[in-house]
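Contents: one structure, followed by commentary.
Numbering (my numbering), first residue to last: 237 to 711.
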């Protein structure tokens, strides 16, 4: 079973140059006619006129027919196929599955609907759907802040036998720091875009306090805390070492994450990109507490915790690499051990400017970026079809389109952006959609035909270019 700019104005880092040979990948021949791969209008889960109008405008402005076709298919994929919207007790309630897994991840659901936020004020129905995601995430966090994925109803899951505190509402209970960051990102973005505060009721306030409590527990200043996880499995990354608590750490102020955004277990518990994301999220939550809830005390608590995590990152998570100078490692443990790699899933080291965690011209980030897009990153793969970052979740030689998209989203170098567009155009395997991963030598060898996050992220990339650099869409 599979486990599993700010907004459109977000800009990325100017790269220091493309990897040698990156422009030499062959084009894949596709039929001259591009019929829509979307469900029929009657078969779509949710329709937004603002989204439909955006598709018409952007598609018309893209000279490259294949690229326009990909955008038409991918951008609305979350709405077309994964959104279950209803009114419950007079309030919007939106359950968002990932695609071919019938469960709602806090991370994925936030990321899947994120690119629609700028359109919310144009479409009341769309705004209600987004508010419904926030309301459902509030409910999920109050059920269990340590869980990463939830069922729509208390139906149980195939993972009920995991050695952790499962309950029927949970699809999976893998503790991932980013799972509590993403709902804050979505709530903050929704508030800033719409000025609507209706989702931020007492239940939301309770959930946010549980977020901070959970982060505090997982600083592990005094013992392991309440969370542990083990799974009876032959897949090492699906269970947690150290009797379910993870490998030893020395407290640093950072927050322990048993799992990565890929749903793979960490080796060293201080997952660096997720801790950067936590700092950003806590500062946004503090602003919301002051402006919406008039709660200066809780805002101060959020900022204090953010400062502690930031200090830990500065002291333990900037490392002098032999070849690249000072860079961010992927994981550390506080004892001096560090893991040099990056994973395609977001938050990643590559994605830090996209998430607002650092300036796109920051020297350490620039050097980190050079590292993660090089052969010194063990999960950067180059083949005859493409190059990009993968990760242990799917395995060696498998490139995640998300990494190519994120490379483009965090670049302001025209040639690199065009390179990313060409790679994405050439590696959808003739399907018209993005996938979880594909083989570096054969795009038709891919995983997860229906993976909505990758599709929507691709749509976000195209929209960013449409708004900022439309000339690049003529690839």
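By construction, the Cβ of each residue, glycine as well, lies at the ideal position given by its N, Cα and C atoms. Just so you know, these numbers come straight off a predicted model, no measurement behind them.
Helix, strand or coil: which one does DSSP assign to residue i?
{"i": "residue 258", "result": "Note that residue 258 has pLDDT 37, beneath the 50 cutoff, so the model's placement of it is unreliable and no number is given."}
{"i": "residue 693", "result": "helix"}
{"i": "residue 242", "result": "With a pLDDT of only 33 at residue 242, under the threshold of 50, the placement of this residue in the model should not be trusted; the figure read from the coordinates follows. DSSP places residue 242 in coil when its eight states are reduced to three."}
{"i": "residue 360", "result": "helix"}
{"i": "residue 632", "result": "coil"}
{"i": "residue 495", "result": "strand"}
{"i": "residue 519", "result": "helix"}
{"i": "residue 343", "result": "helix"}
{"i": "residue 574", "result": "strand"}
{"i": "residue 469", "result": "coil"}
{"i": "residue 513", "result": "helix"}
{"i": "residue 436", "result": "coil"}
{"i": "residue 618", "result": "strand"}
{"i": "residue 556", "result": "strand"}
{"i": "residue 585", "result": "coil"}
{"i": "residue 700", "result": "helix"}
{"i": "residue 431", "result": "coil"}
{"i": "residue 355", "result": "helix"}
{"i": "residue 488", "result": "coil"}
{"i": "residue 669", "result": "coil"}
{"i": "residue 663", "result": "coil"}
{"i": "residue 527", "result": "helix"}
{"i": "residue 425", "result": "helix"}
{"i": "residue 647", "result": "strand"}
{"i": "residue 687", "result": "strand"}
{"i": "residue 291", "result": "helix"}
Does the Cβ of residue i have 16 or more other Cβ atoms within 10 Å, making it buried, or fewer, making it exposed?
{"i": "residue 518", "result": "buried"}
{"i": "residue 558", "result": "exposed"}
{"i": "residue 378", "result": "exposed"}
{"i": "residue 277", "result": "exposed"}
{"i": "residue 571", "result": "exposed"}
{"i": "residue 632", "result": "exposed"}
{"i": "residue 647", "result": "buried"}
{"i": "residue 749", "result": "Residue 749 is absent from the model: the chain starts at 237 and stops at 711."}
{"i": "residue 257", "result": "In this prediction, residue 257 scores a pLDDT of 33, lower than 50, which makes its location untrustworthy; the coordinate-derived value is nonetheless stated afterwards. The residue in question, residue 257, is exposed, as its Cβ has fewer than 16 Cβ neighbours within 10 Å."}
{"i": "residue 489", "result": "buried"}
{"i": "residue 597", "result": "exposed"}
{"i": "residue 271", "result": "exposed"}
{"i": "residue 297", "result": "exposed"}
{"i": "residue 700", "result": "buried"}
{"i": "residue 643", "result": "buried"}
{"i": "residue 202", "result": "Residue 202 falls outside the range modelled here, since the chain spans only 237 to 711, and no answer is possible."}
{"i": "residue 520", "result": "buried"}
{"i": "residue 623", "result": "buried"}
{"i": "residue 707", "result": "exposed"}
{"i": "residue 274", "result": "buried"}
{"i": "residue 454", "result": "buried"}
{"i": "residue 696", "result": "buried"}
{"i": "residue 259", "result": "Per-residue confidence for residue 259 stands at a pLDDT of 41, beneath the threshold of 50, marking its modelled position as unreliable; the derived number appears in the next sentence. So residue 259 ends up on the exposed side."}
Just checking my contact of residue i with residue j at CB under 8 Å: how many whole Å lie between their CB atoms?
{"i": "residue 343", "j": "residue 424", "result": "Between residue 424 and residue 343 the Cβ distance is about 15 Å, and since that is not below 8 Å, they are no contact."}
{"i": "residue 368", "j": "residue 330", "result": "3 Å"}
{"i": "residue 574", "j": "residue 555", "result": "5 Å"}
{"i": "residue 497", "j": "residue 582", "result": "6 Å"}
{"i": "residue 294", "j": "residue 702", "result": "5 Å"}
{"i": "residue 525", "j": "residue 430", "result": "Not a contact, Cβ separation roughly 18 Å."}
{"i": "residue 689", "j": "residue 334", "result": "7 Å"}
{"i": "residue 567", "j": "residue 630", "result": "Going by Cβ atoms, the distance from residue 567 to residue 630 rounds to 19 Å, so no, they are not a contact pair."}
{"i": "residue 528", "j": "residue 433", "result": "5 Å"}
Using DSSP bridges, identify the partner residues of residue i.
{"i": "residue 321", "result": "330"}
{"i": "residue 678", "result": "675"}
{"i": "residue 399", "result": "466"}
{"i": "residue 385", "result": "341, 408"}
{"i": "residue 507", "result": "567"}
{"i": "residue 501", "result": "495"}
{"i": "residue 592", "result": "None; residue 592 has no bridge partner."}
{"i": "residue 335", "result": "687"}
{"i": "residue 562", "result": "556"}
Assuming contact is defined by CB atoms lying nearer than 8 Å, are residue i and residue j in contact in what I supplied?
{"i": "residue 676", "j": "residue 617", "result": "yes"}
{"i": "residue 382", "j": "residue 409", "result": "yes"}
{"i": "residue 663", "j": "residue 674", "result": "yes"}
{"i": "residue 542", "j": "residue 508", "result": "no"}
{"i": "residue 717", "j": "residue 588", "result": "Any question about residue 717 goes unanswered here, given that the chain covers just 237 to 711."}
{"i": "residue 501", "j": "residue 469", "result": "no"}
{"i": "residue 305", "j": "residue 374", "result": "no"}
{"i": "residue 605", "j": "residue 591", "result": "no"}
{"i": "residue 680", "j": "residue 711", "result": "no"}
{"i": "residue 349", "j": "residue 314", "result": "yes"}
{"i": "residue 366", "j": "residue 290", "result": "no"}
{"i": "residue 411", "j": "residue 477", "result": "no"}
{"i": "residue 328", "j": "residue 692", "result": "no"}
{"i": "residue 657", "j": "residue 303", "result": "yes"}
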